[in-house]
Structures are given as structure tokens and as C-alpha cells.
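Positions in the sequence shown are counted from 1; adding 21 to them yields our numbering.
One structure is given below, encoded as C-alpha cells.
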Amino acid sequence: MFRKLLQRIRSDDRPYGLYGAIVAQARQPAFYQGIGIADTAEGRFDMIVLHVVLVMRRLRGEGAEGRSRAQALIDLFFDDMDRNLREMGVSDMAVPKRIRSMVEAFYGRAGVYDAALDAAGAEGLEAALERNLFAGPAAQASLDAMAAYVVASAEALMKTSGDALAAGRIDWPAIPTSAVEDRERAE
């Protein structure tokens with residue numbers, strides 16, 4: 022019995038490198054200090070969700086293998102969220118309810134971001150970002166910067182090879198904070 026369990030654990034092909042690259046990018050200080058994403062647990066969650074969604078869009082293009090890798094990425098993401106909630110002191114009884122809320126938020130945001138990127142219109146993407154990342158009215162410079170970053174990220178991911186992606190080697194675009202800095206200097 023234990024041999025089968027150990028084999029399953031050893032053969033776990035969850036994308037740790039890829040997930041690590043996503044989290045590292047989502048935690049870049051420029052998002053929080055430059056663009057104005059709230060540096061809170063919710064803000065960090067939303068930034069990770071955005072990056073996971075972008076990577077999942079890329080993985081969909083790889084057919085069944087890509088869908089399997091995307092599911093492994095989602096599983097790893099929610100395992101991480103579960104662990105983080107417990108580290109933050111959320112009780113064992115409350116964790117499943119919080120995870121359920123996170124799952125709903127994740128899939129809701131994924132649908133909205135996918136639709137906005139598929140429509141290729143800045144207005145829809147900016148509205149989705151304002152509603153989810155900024156959780157309310159945001160400066161136009163911040164919305165412009167984030168929308169430009171999201172589009173550039175989606176394009177960069179499409180150019181990333183499958184092997185590089187699997188290893189977490191992603192050339193993320195620069196975070197365009199110049200518009201935000203210009204706005205702050207003007208104020």
C-alpha cells in the first residue's frame with residue numbers, strides 16, 4: 022500500500038518550477054508600489070490568479086497534454102492557497118469554506134480575463150482589471166499600465182516554448198510603471 026503511495030508522490034509531475042515563476046512575477050514590487058495593486062493578501066491572490074490565467078491560456082494550445090498541465094498548475098495553486106490560509110491562522114474548519122470561495126473567484130476571474138483578452142479590446146480588459154485587481158475605481162494610468170502588461174504577457178507566453186514554460190523559464194515583459202510615475206509627478 023505504501024509503495025503505491027510513494028510511487029505516486031515521486032511521479033508527481035506538478036509544475037513546481039512554473040508555479041514558482043508565476044508567484045515570483047506576481048510578487049514583483051512594481052505592481053504594488055508603482056501600479057497601485059493593494060499589497061494585501063487579497064491583492065496578492067488576485068495577482069497570482071491573473072498570472073495563472075495567462076499561463077493557462079498558453080497551455081490550452083497544447084491539446085490534452087496542455088490541459089493536463091493546466092490542471093496540475095491549478096491543483097498546485099489551490100494546495101498553496103490551502104497551506105497559506107493555515108499559516109495565516111485560519112482554522113481547519115474554516116479552510117474548506119475559504120478555499121471554495123477562492124475557487125469561485127478564480128474561475129470567475131478566469132472567464133472574465135479570457136473573454137476580455139479574446140475580444141482584444143482595451144476597454145473590456147481595463148474594466149475586468151479595475152473590478153478584480155483594483156477592487157474599485159483606479160487611476161487611468163494604472164489601468165493603462167496593467168492592461169498593456171497583461172496583453173504583452175499573453176503575447177510573450179505564446180512565444181515561449183513548451184519546454185521553457187514547463188521549467189518556469191518565462192521572459193515576462195517589463196512592468197510598465199512609467200505612466201503611473203508620470204501621473205504621480207504631475208500631481
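Don't be surprised by glycine CBs; every beta carbon is placed ideally from N, CA and C.
Test item: CB-CB of residue i and residue j under 8 angstroms
i, j, result
"Ala175", "Trp193", "no"
"Ala137", "Gly145", "yes"
"His72", "Gln46", "yes"
"Ala149", "Val172", "no"
"Arg107", "Val116", "yes"
"Ala188", "Gly38", "yes"
Neighbour-count burial assignment, residue i, 16 or more Cβ in a 10 Å radius
i, result
"Ser112", "exposed"
"Met167", "buried"
"Met109", "exposed"
"Leu186", "buried"
"Tyr170", "buried"
"Ser32", "With a pLDDT of 43 at Ser32, under the threshold of 50, the modelled position of that residue is not reliable, and no figure is offered here."
"Met77", "buried"
"Gly55", "buried"
"Arg152", "exposed"
"Glu86", "exposed"
"Ala195", "exposed"
Contact belief for residue i with residue j at Cβ below 8 angstroms, rounded distance in angstroms
i, j, result
"Phe127", "Tyr40", "Phe127 to Tyr40, Cβ: 14 angstroms. No contact."
"Ile43", "Ile69", "6 angstroms"
"Leu154", "Asp67", "5 angstroms"
Which listed residue (the options) has its alpha carbon closest to that of residue i
i, options, result
"Ser182", "Met68, Gln46, Gly55, Leu80", "Leu80"
"Ala162", "Pro197, Ala149, Gly82, Arg119", "Pro197"
"Arg89", "Ala140, Leu106, Pro36, Pro117", "Position check: residue 89 holds Ser in this sequence, whereas Arg was assumed. Closest by alpha carbon: Pro36."
"Met102", "Lys118, Asp184, Ala91", "Lys118"
"Val215", "Asp100, Ala143, Leu75, Glu147", "Residue 215 cannot be examined here, being either before or after the span of the chain that is shown, 22 to 208."
"Val74", "Met114, Asp135, Arg190", "Asp135"
query = Quick check: the stretch 60-75 against the stretch 42-51, are there 3 or more CB pairs under 8 angstroms?
reply = yes
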